[in-house]
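Student:
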Amino acid sequence: MNLKSLLRNSFRQLTKNKLRSTLTSIGIIIGVAAVILSVSITNSAKILVETQFLSLGGKSLIINKGTRTKSGKVNQDFKIDFNIGDVKAIKNLNIIESASPVSDDAQYVKFKDTSHLSAIVGASVDFFYVNNWFPVEGNLFTDKDVLNSENVCLIGKTVANRLFGFINPVGQRIKILNTNYEVLGVLSTIGQTSSGRDQDDAVIIPYTSYYKKIIGSQEIENISASVRTPQDIPIAEQQVTRLLRERHNVNKNQVNGFHIKTQLFVIDRILTVSRIMTILLGSIASISLIVGGIGIMNIMLVSVIERTKEIGIRMAVGAKEKDIMIHFVIEALLLSIIGGTAGILLGIGILKIASSVTNLQTFVSTSAILIAFLFSAIVGVFFGYYPAKKASKLNPIEALRYE
Numbered sequence: 469m470n471l472k473s474l475l476r477n478s479f480r481q482l483t484k485n486k487l488r489s490t491l492t493s494i495g496i497i498i499g500v501a502a503v504i505l506s507v508s509i510t511n512s513a514k515i516l517v518e519t520q521f522l523s524l525g526g527k528s529l530i531i532n533k534g535t536r537t538k539s540g541k542v543n544q545d546f547k548i549d550f551n552i553g554d555v556k557a558i559k560n561l562n563i564i565e566s567a568s569p570v571s572d573d574a575q576y577v578k579f580k581d582t583s584h585l586s587a588i589v590g591a592s593v594d595f596f597y598v599n600n601w602f603p604v605e606g607n608l609f610t611d612k613d614v615l616n617s618e619n620v621c622l623i624g625k626t627v628a629n630r631l632f633g634f635i636n637p638v639g640q641r642i643k644i645l646n647t648n649y650e651v652l653g654v655l656s657t658i659g660q661t662s663s664g665r666d667q668d669d670a671v672i673i674p675y676t677s678y679y680k681k682i683i684g685s686q687e688i689e690n691i692s693a694s695v696r697t698p699q700d701i702p703i704a705e706q707q708v709t710r711l712l713r714e715r716h717n718v719n720k721n722q723v724n725g726f727h728i729k730t731q732l733f734v735i736d737r738i739l740t741v742s743r744i745m746t747i748l749l750g751s752i753a754s755i756s757l758i759v760g761g762i763g764i765m766n767i768m769l770v771s772v773i774e775r776t777k778e779i780g781i782r783m784a785v786g787a788k789e790k791d792i793m794i795h796f797v798i799e800a801l802l803l804s805i806i807g808g809t810a811g812i813l814l815g816i817g818i819l820k821i822a823s824s825v826t827n828l829q830t831f832v833s834t835s836a837i838l839i840a841f842l843f844s845a846i847v848g849v850f851f852g853y854y855p856a857k858k859a860s861k862l863n864p865i866e867a868l869r870y871e
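For the sequence shown, position 196 matches number 664 in my numbering, and the numbering has no gaps at all.
1) Go through its chain and collect everything with a Cβ distance to Ala693's Cβ below 6 Å, but skip five positions before and after it.
2) Are Ile682 and Leu739 closer than 8 Å when you measure CB to CB?
3) Out of Thr830, Glu618, His716 and Asn636, state which residue places its alpha-carbon closest to the alpha-carbon of Ile672.
4) Determine whether the beta carbon atoms of Ile767 and Arg476 lie at a separation below 8 Å.
5) Assuming the contact rule is C-beta atoms closer than 8 Å, Ala587 and Asp700 should be a hit. Round their C-beta distance to whole Å, please.
6) Which one of Lys790, Phe843, Pro855 and Lys680 has the shortest CA to CA distance from Ile805?
7) Just the Cα atoms here: how many angstroms apart are Lys729 and Lys533?
8) If I follow the unbroken beta strand (DSSP E) through Glu650, where does it start and stop?
9) Give me the residue from Pro674, Ser860, Asn724 and Leu819 with the minimum Cα distance to Gly786.
10) When the distance is taken between beta carbons, is Ile498 closer than 8 Å to Gly811?
11) Any idea which residues DSSP pairs Pro637 with across the strands?
12) With burial defined as no fewer than 16 other Cβ atoms inside 10 Å of the residue's Cβ, what is the status of Leu652: buried or exposed?
13) Per DSSP, what kind of secondary structure is His795 in: helix, strand or coil?
14) Which whole runs of the alpha helix (DSSP H) in the region 729-802 are 4 residues long or more, in chain order?
15) Going by beta-carbon coordinates alone, are Ile623 and Val654 separated by less than 8 Å?
16) Judging by CA-CA distance, which residue of Ile773, Thr709, Leu838 and Lys486 is the nearest neighbour of Leu874?
17) Once DSSP output is grouped into helix, strand and coil, what is the label at Asn629?
18) Which of helix, strand or coil does DSSP assign to Val589?
19) Could you tell me which residues DSSP puts in a beta bridge with Tyr576?
20) Does the region 595-609 come close enough to the region 572-584 to have 3 or more Cβ pairs within less than 8 Å?
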């Protein structure tokens with residue numbers, strides 16, 4: 469019997485008991501759909517997080533005072549004091565794209581009779597480029613504004629909502645301590661940090677104005693810098709470390725007196741969690757497939773018993789053990805492939821519905837589809853082998869006598 473005839477006969481046999489075949493396939497359908505969903509959702513989440521981190525400073529380095537110990541704590545016993553010369557020297561490194569001094573302090577911001585406690589940030593124009601944070605209304609302040617210590621500012625969305633409500637903030641004046649600042653623009657929303665701090669609750673002013681009118685000193689809390697691509701960060705860390713040690717005459721045997729934080733560490737942690745979730749969810753989905761495979765084996769064993777006489781007749785007219793075995797394996801394989809195909813369609817359908825309902829972009833992984841389909845086929849062959857082997861080993865004479 470050729471392959472075409474085997475497929476036709478196997479399909480005919482499955483359609484004889486449509487309800488039983490459907491119920492048997494449910495385990496495979498659920499398992500395959502679970503594989504599609506688990507892999508695609510974790511991949512979509514990974515891509516979304518990577519995109520957001522890159523858009524919110526994924527190429528940035530933050531140079532802080534104090535040395536980070538092995539335990540992760542910051543030792544402030546020996547720290548270097550940054551100066552504007554450090555910022556300019558870092559910016560002059562070929563690998564660095566932008567660099568800005570950053571200092572902040574909590575102060576009340578007033579507009580008419582409304583006041584709000586917010587973070588006042590002193591920085592240069594490069595600060596916005598490092599953090600990829602630009603105004604949705606109005607404009608940035610300029611290098612000339614920084615040079616002249618102009619009383620201008622940009623405000624985050626939270627400050628805009630708290631102070632101005634439905635009034636357009638651009639061109640209005642807000643008061644910080646005893647100085648009035650003109651609002652040049654309202655920055656885009658960037659949300660909260662992982663620790664829950666509202667990053668939009670901030671007022672950014674030229675660092676020169678900050679030093680003169682907010683804190684009365686030139687203390688730089690940290691330096692923010694960015695590179696062109698995330699791949700440049702490790703090299704940039706090395707170059708910045710070497711530069712600052714040289715500029716501040718740090719001895720070879722001394723600790724740095726500063727530490728550098730990057731988003732790559734966070735991204736690596738997220739990718740690690742993503743991989744763990746993929747393995748975990750994939751394992752759960754695999755269990756569903758195995759349960760489905762056991763269901764196939766169970767039904768195929770029942771089918772062997774029901775068709776014992778048919779097997780005996782086929783053997784009597786010349787069918788070999790190999791023919792009987794291949795027939796039952798193909799039947800089990802066909803059952804699992806049909807279930808696998810239905811599971812793939814179900815998984816894709818659920819993803820599409822979830823995407824439209826939540827407005828989150830989901831990515832159907834081609835590799836997940838191929839893996840799920842291949843796994844379902846392997847399950848069909850593996851769990852169909854024993855019933856097929858049992859059918860092929862039946863004694864033709866005893867099989868013909870079976871009632």
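Where is the CB? At the ideal position from N, CA and C, for every residue including glycine. Please read all numbers here as calculations on a predicted model, not as lab measurements.
Tutor: This is what the structure gives:
1) The residue given as residue 693 occupies position 225 in the sequence shown. Cβ neighbours of Ala693 beyond the five flanking positions: Leu529, Ile558, Ile564 and Ala567.
2) On the sequence shown, residue 682 is found 214 positions in, with the first residue counted as 1. On the sequence shown, residue 739 is found 271 positions in, with the first residue counted as 1. No; because the gap between Cβ atoms is not below 8 Å, this pair is not in contact.
3) Position 204 of the sequence shown, counted from the first residue, corresponds to residue 672. Of Thr830, Glu618, His716 and Asn636, the residue nearest in Cα terms is Glu618.
4) Working through the sequence shown from its first residue, we reach residue 767 at position 299. Working through the sequence shown from its first residue, we reach residue 476 at position 8. Not closer than 8 Å, so no.
5) Position 119 of the sequence shown, counted from the start, is the residue given in the question as residue 587. Position 232 of the sequence shown, counted from the start, is the residue given in the question as residue 700. In fact, because the Cβ distance is near 29 Å, the residues do not count as touching under 8 Å.
6) Locating residue 805 in the sequence shown gives position 337, where the first residue counts as 1. That would be Phe843, whose Cα lies nearest to the Cα of Ile805.
7) By one-based count along the sequence shown, residue 729 stands at place 261. By one-based count along the sequence shown, residue 533 stands at place 65. Rounded to the nearest angstrom, the two C-alpha atoms are 11 Å apart.
8) As a working mapping, residue 650 is identified with position 182 in the sequence shown. From DSSP, the beta strand (DSSP E) with Glu650 extends over Thr647 to Leu655.
9) For this step, residue 786 is matched to residue 318 along the sequence shown. Of the listed residues, the one whose Cα sits closest to Gly786 is Ser860.
10) Numbered from 1 along the sequence shown, position 343 holds the residue referred to as residue 811. Numbered from 1 along the sequence shown, position 30 holds the residue referred to as residue 498. Cβ atoms of Gly811 and Ile498: closer than 8 Å.
11) Against the sequence shown, residue 637 aligns to sequence position 169. Paired residue(s): none; Pro637 is not in a bridge.
12) Working through the sequence shown from its first residue, we reach residue 652 at position 184. Leu652 comes out buried.
13) Along the sequence shown, read from residue 1 onward, the residue named residue 795 stands at position 327. In the structure shown, His795 sits in a helix (DSSP, three-state: H, G or I).
14) 731-774 and 776-784
15) Mapped onto the sequence shown, residue 623 falls at position 155. Mapped onto the sequence shown, residue 654 falls at position 186. Contact flag set, yes.
16) With the chain covering only 469 through 871, there is no way to say anything about residue 874.
17) Locating residue 629 in the sequence shown gives position 161, where the first residue counts as 1. In this structure, Asn629 counts as helix in the three-state DSSP scheme.
18) The sequence position of residue 589 within the sequence shown is 121, counting from 1. Reduced to three states, the DSSP call for Val589 is strand.
19) For the purposes of this step, residue 576 is taken as residue 108 along the sequence shown, with counting starting at 1. Per DSSP, Leu585.
20) no
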